[in-house]
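Structure first, commentary second.
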Amino acid sequence: MTFLVSLLGNSLVIHVVRTTPSMYTSVNLYIANMAFSDIISAIVCTPVSLKIVFKGYSWIDGLVGLVLCRIVFLLFYSSFACSTFNLVAIAVDRYLAVTKPLYRYSFRKAKINIAVIWTASSILSIPIILGYVNTFKAREIAPGCYDIDRDKAYKVGVTIMALLCYIIPLVCATILYTMTGCRLRMRSKSNIGGYSLQRQIQAKQSAFKATKLMVTVIVVFALCWAPFFTYHMVKAWYDDKLWYIFKTYYRPLCFLLASTNGALNPCLYLLFNSNFRNGFKRALLCRKETGRRSMSFELRSKRDSTKQLR
């Protein structure tokens, strides 16, 4: 069920952003990129993770098995890191939208950032996948795709991934959204010269809704992935007794929550964002965006912070 919701929901997110001119913004481009990484995780990684949890580590033997083993987990960790960095990029975008409304953050810059995000995500995933091997273990009748529990590459890889792709990015995003929230609060107590009161109210409400959505996405992301990284840090650094407890009682929860995150994001967009909600309806009913909305988009600036996410 999680697999289907993630695949369908994130495909709809990409379709809505791609086919709706009024959603051609840098924030929505990052959201679409995050949806793409969730699709990769759903197709390639979720079935393998669930198989490991419930059926064991059995895998293809030989060099082909080793290559596939490492490719699968490279896609798994790089898609995760990509989602994290996208959340930080959105936090930066929202902060600039509130603090510097006239700053031009073009589509081209966002595309370059996305290329950098995928490159960095792949590079940071390499150390941890070097700790995965295709071999036999005791009491196993077939080779399996294992991460070597106490291997140096695995320890270094897990620590790098936890710090650079989870803890530090989430701390940065939290700081940025805190600063954004403070600025919005200050703006709510003052008037901006040259703008009508109604337009000021609409701009503040729009910025607040956009920030509220992305803060919710980050909180859900952090909660879904916290058990996963707790599990792997215990596996890499702590004694066998504690590791056995985590392995026995904690592992299924870790993988299930991590795989659920990709399915929850489209639901959050649907719940909090009227543009995505209307876009989902049009996509499911095979309708196109009306000409009035498309024309209104073309007349506004690329960097109108009051319209990026409603």
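So the sequence shown is residues -19 to -1, 1 to 291, counted in mature numbering (1 follows the signal peptide of the UniProt record, and there is no 0). Every residue, glycine too, gets a C-beta built ideally from N, C-alpha and C.
Original post:
Considering only residues of the same chain and omitting the five flanking positions on each side of Val215, which have a CB-CB separation below 7 Å?
Top reply: Leu223, Trp224 and Phe227
Original post:
CB Leu68 to CB Val198, shorter than 8 Å?
Top reply: yes
Subject >> Residues near Thr27 in its chain [Cβ-Cβ closer than 8 Å; skip 5 each side] >> reply: Thr(-18), Phe(-17), Ser(-14), Ser240 and Gly243
**OP:** Return yes when the Cβ of Tyr250 is within less than 8 Å of the Cβ of Met142, no when it is not.
**Re:** no
Original post:
Does the Cβ of Pro233 have 16 or more other Cβ atoms within 10 Å, making it buried, or fewer, making it exposed?
Top reply: exposed
Subject >> Counted within 10 angstroms of its Cβ, other Cβ atoms place Trp218 as buried (16 or more) or exposed >> reply: exposed
**OP:** Please look up how many angstroms separate the CB atoms of Ala101 and Phe61, rounded, as I've assumed it's under 8 Å.
**Re:** Not a contact, Cβ separation roughly 13 Å.
**OP:** Compare the Cα-Cα distances from Lys190 to each of Thr211, Cys205 and Arg75 and report the closest residue.
**Re:** Arg75
Original post:
Under 8 Å, do Cys63 and Ser18 count as touching if we go by C-beta distance?
Top reply: yes
**OP:** Give every residue of the same chain whose Cβ lies closer than 8 Å to the Cβ of Leu280, excluding the five residues on either side of it in the sequence, and list them in chain order.
**Re:** Unreliable placement is indicated for Leu280, whose pLDDT of 32 sits below 50; no coordinate value is reported for it.
Original post:
Out of curiosity, what's the CA-to-CA distance linking Arg263 and Trp40?
Top reply: 43 Å
**OP:** Give every residue of the same chain whose Cβ lies closer than 6 Å to the Cβ of Phe209, excluding the five residues on either side of it in the sequence, and list them in chain order.
**Re:** Cys235 and Ala239
Original post:
With 16 as the cutoff for other CB atoms within 10 Å, does Lys133 come out buried or exposed?
Top reply: exposed
Subject >> Simplified DSSP state of Thr140, which is helix, strand or coil >> reply: helix
**OP:** Assign Ala188 to buried or exposed, taking buried as 16 or more other Cβ atoms, counted over all protein chains shown, within 10 Å of its Cβ.
**Re:** buried
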